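Below is one structure, written out as C-alpha coordinates; the observations come after it.
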Amino acid sequence: MLKLFLPKEILEDKTLVLYLLFKVFYGLHPINVIIALFFLAKGLSYTDIGIIFAIFSVAGFLFEIPTGYFGDKFGRKASVIMGLIILAATSLMWTYLITTLHFAVLAAVWMLGISFISGSLEAYIYDYLENKNKVHIYDSVLSKSGSVHYFAAAAGSIIGAYRVK
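Going by the numbering used here, the sequence shown opens with residue 1, and the numbers climb by one from there.
Below, the structure is given as C-alpha coordinates:
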(Lines of atoms letter the chains of each structure in order from A and count residues from 1; the text may use other names and numbers.)
(Lines give C-alpha, C1' and ligand atoms only; values in the text may rest on other atoms or scores of the structure.)
Protein backbone atom coordinates (compact mmCIF):
# COMPACT_ATOMS: atom_id res chain seq x y z
CA MET A 1 0.00 0.00 0.00
CA LEU A 2 2.75 2.44 0.99
CA LYS A 3 4.58 1.67 -2.25
CA LEU A 4 1.53 2.79 -4.22
CA PHE A 5 1.50 6.11 -2.41
CA LEU A 6 5.21 6.89 -2.14
CA PRO A 7 7.65 6.81 -5.05
CA LYS A 8 10.58 4.41 -4.78
CA GLU A 9 13.00 7.35 -4.79
CA ILE A 10 11.45 8.62 -1.54
CA LEU A 11 11.07 5.20 0.12
CA GLU A 12 14.73 4.35 -0.45
CA ASP A 13 16.02 7.52 1.22
CA LYS A 14 16.32 7.26 5.01
CA THR A 15 16.25 11.04 5.55
CA LEU A 16 13.09 11.46 3.48
CA VAL A 17 11.38 8.56 5.25
CA LEU A 18 12.30 10.12 8.62
CA TYR A 19 10.90 13.44 7.41
CA LEU A 20 7.62 11.78 6.45
CA LEU A 21 7.49 9.97 9.80
CA PHE A 22 8.03 13.29 11.56
CA LYS A 23 5.11 14.76 9.61
CA VAL A 24 2.94 11.79 10.62
CA PHE A 25 3.74 12.08 14.32
CA TYR A 26 3.50 15.86 14.22
CA GLY A 27 0.06 15.49 12.67
CA LEU A 28 -1.06 12.87 15.19
CA HIS A 29 -0.63 15.33 18.05
CA PRO A 30 -4.27 15.60 19.17
CA ILE A 31 -3.81 18.79 21.18
CA ASN A 32 -5.66 20.89 18.61
CA VAL A 33 -8.84 18.97 19.32
CA ILE A 34 -8.66 18.75 23.09
CA ILE A 35 -6.92 21.99 24.07
CA ALA A 36 -10.15 24.01 24.32
CA LEU A 37 -11.70 21.30 26.49
CA PHE A 38 -8.56 21.27 28.60
CA PHE A 39 -8.78 25.04 29.05
CA LEU A 40 -12.43 24.74 30.10
CA ALA A 41 -11.52 22.02 32.60
CA LYS A 42 -8.86 24.35 34.01
CA GLY A 43 -11.59 26.93 34.68
CA LEU A 44 -10.95 29.32 31.81
CA SER A 45 -13.90 31.08 30.20
CA TYR A 46 -14.72 31.00 26.50
CA THR A 47 -13.47 34.59 26.32
CA ASP A 48 -10.17 33.57 27.94
CA ILE A 49 -9.81 30.74 25.45
CA GLY A 50 -10.50 33.09 22.53
CA ILE A 51 -7.87 35.51 23.83
CA ILE A 52 -5.33 32.70 24.20
CA PHE A 53 -5.95 31.54 20.62
CA ALA A 54 -5.67 35.15 19.40
CA ILE A 55 -2.33 35.54 21.22
CA PHE A 56 -1.21 32.24 19.69
CA SER A 57 -2.05 33.53 16.20
CA VAL A 58 -0.45 36.96 16.70
CA ALA A 59 2.67 35.28 18.10
CA GLY A 60 2.90 33.22 14.91
CA PHE A 61 2.79 36.39 12.86
CA LEU A 62 5.44 38.08 15.02
CA PHE A 63 7.82 35.11 15.31
CA GLU A 64 7.82 33.91 11.70
CA ILE A 65 10.45 36.34 10.36
CA PRO A 66 12.87 36.30 13.33
CA THR A 67 12.83 32.50 13.48
CA GLY A 68 13.37 32.38 9.71
CA TYR A 69 16.39 34.63 10.18
CA PHE A 70 17.67 32.28 12.90
CA GLY A 71 17.35 29.38 10.46
CA ASP A 72 19.22 31.29 7.76
CA LYS A 73 22.00 32.32 10.14
CA PHE A 74 22.49 29.16 12.21
CA GLY A 75 21.13 26.53 9.87
CA ARG A 76 17.79 24.94 9.19
CA LYS A 77 18.62 21.87 11.27
CA ALA A 78 19.45 24.04 14.30
CA SER A 79 16.16 25.88 13.84
CA VAL A 80 14.14 22.66 13.69
CA ILE A 81 15.93 21.28 16.75
CA MET A 82 15.30 24.53 18.65
CA GLY A 83 11.63 24.34 17.72
CA LEU A 84 11.34 20.73 18.85
CA ILE A 85 13.00 21.54 22.18
CA ILE A 86 10.58 24.41 22.76
CA LEU A 87 7.58 22.25 21.80
CA ALA A 88 8.71 19.46 24.12
CA ALA A 89 9.20 21.90 27.00
CA THR A 90 5.84 23.59 26.49
CA SER A 91 4.08 20.23 26.19
CA LEU A 92 5.35 19.32 29.65
CA MET A 93 4.21 22.62 31.19
CA TRP A 94 0.51 22.80 30.25
CA THR A 95 -0.79 20.89 33.27
CA TYR A 96 1.04 23.08 35.79
CA LEU A 97 -0.49 26.39 34.72
CA ILE A 98 -3.20 28.18 36.63
CA THR A 99 -4.09 31.61 35.26
CA THR A 100 -5.17 32.86 31.86
CA LEU A 101 -1.94 34.87 31.70
CA HIS A 102 0.13 31.71 32.23
CA PHE A 103 -1.74 29.93 29.44
CA ALA A 104 -1.43 32.94 27.12
CA VAL A 105 2.33 33.21 27.66
CA LEU A 106 2.80 29.48 27.15
CA ALA A 107 0.67 29.59 23.99
CA ALA A 108 2.97 32.31 22.63
CA VAL A 109 6.05 30.24 23.53
CA TRP A 110 4.42 27.20 21.95
CA MET A 111 3.96 29.20 18.75
CA LEU A 112 7.62 30.23 18.97
CA GLY A 113 8.51 26.54 18.79
CA ILE A 114 6.21 26.02 15.83
CA SER A 115 7.70 29.08 14.11
CA PHE A 116 11.22 27.70 14.47
CA ILE A 117 10.09 24.58 12.61
CA SER A 118 7.86 26.33 10.08
CA GLY A 119 9.69 26.82 6.81
CA SER A 120 13.02 25.58 8.17
CA LEU A 121 12.02 21.95 7.87
CA GLU A 122 10.98 22.32 4.24
CA ALA A 123 14.09 24.41 3.49
CA TYR A 124 16.23 21.73 5.13
CA ILE A 125 14.65 19.09 2.90
CA TYR A 126 15.24 21.27 -0.16
CA ASP A 127 18.91 21.74 0.79
CA TYR A 128 19.22 18.02 1.42
CA LEU A 129 17.74 17.16 -1.98
CA GLU A 130 19.93 19.78 -3.65
CA ASN A 131 23.04 18.14 -2.16
CA LYS A 132 21.83 14.76 -3.44
CA ASN A 133 21.00 16.17 -6.90
CA LYS A 134 17.35 15.22 -6.35
CA VAL A 135 15.66 18.63 -6.36
CA HIS A 136 13.36 17.31 -9.07
CA ILE A 137 11.45 15.28 -6.43
CA TYR A 138 11.04 18.19 -3.98
CA ASP A 139 7.44 18.95 -5.01
CA SER A 140 6.55 15.27 -4.74
CA VAL A 141 8.13 15.01 -1.28
CA LEU A 142 6.26 18.10 -0.08
CA SER A 143 2.92 16.96 -1.47
CA LYS A 144 3.33 13.49 0.04
CA SER A 145 4.39 14.96 3.38
CA GLY A 146 1.34 17.22 3.38
CA SER A 147 -0.90 14.26 2.64
CA VAL A 148 0.50 12.08 5.41
CA HIS A 149 0.47 15.02 7.84
CA TYR A 150 -3.19 15.87 7.27
CA PHE A 151 -4.24 12.22 7.27
CA ALA A 152 -2.44 11.79 10.60
CA ALA A 153 -4.01 15.01 11.90
CA ALA A 154 -7.46 13.65 11.08
CA ALA A 155 -6.62 10.36 12.80
CA GLY A 156 -5.14 12.23 15.77
CA SER A 157 -8.29 14.31 16.08
CA ILE A 158 -10.48 11.22 16.17
CA ILE A 159 -8.18 9.47 18.63
CA GLY A 160 -8.02 12.61 20.78
CA ALA A 161 -11.79 12.94 20.83
CA TYR A 162 -12.23 9.34 21.98
CA ARG A 163 -9.50 9.70 24.61
CA VAL A 164 -11.23 12.76 26.07
CA LYS A 165 -14.56 10.93 26.18
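Backbone N, C-alpha and C define an ideal beta-carbon position, used for all residues, glycine too.
All values reported here derive from a predicted model rather than from experimental measurement.
For Gly50, the first and last residue of its enclosing alpha helix (DSSP H): As a first step, residue 50 must be located in the sequence shown, where it is residue number 50. 46-74 is the extent of the alpha helix (DSSP H) around Gly50.
Separation of Thr95 from Ile10, as counted between CA atoms: Indexing the sequence shown from 1 puts residue 10 at position 10. Indexing the sequence shown from 1 puts residue 95 at position 95. Ile10 and Thr95 have their C-alpha atoms spaced approximately 39 Å apart.
Of the residues Gly156, Leu87, Leu112, the one placed nearest Glu64, counting alpha carbons only: By one-based count along the sequence shown, residue 64 stands at place 64. Ranking the options by Cα distance to Glu64, first place goes to Leu112.
Three-way DSSP call (helix, strand, coil) for Gly43 in this model: Looking up residue 43 in the sequence shown gives position 43. Reduced to three states, the DSSP call for Gly43 is coil.
Opening and closing residue of the alpha helix (DSSP H) in which Asp127 lies: By 1-based counting over the sequence shown, the position of residue 127 is 127. First-last of the alpha helix (DSSP H) with Asp127: 120-131.
Straight-line gap, Thr47 to Ala54 (C-alpha atoms, nearest Å): Position 47 of the sequence shown holds residue 47. Position 54 of the sequence shown holds residue 54. Distance between Thr47 and Ala54, taken at the CA atoms: about 10 Å.
Cβ distance (whole Å) where Ile117 is taken to contact Val80 below 8 Å: What you label residue 117 is simply residue 117 of the sequence shown in a count that begins at 1. What you label residue 80 is simply residue 80 of the sequence shown in a count that begins at 1. The pair is a contact, with the Cβ atoms about 5 Å apart (cut-off 8 Å).
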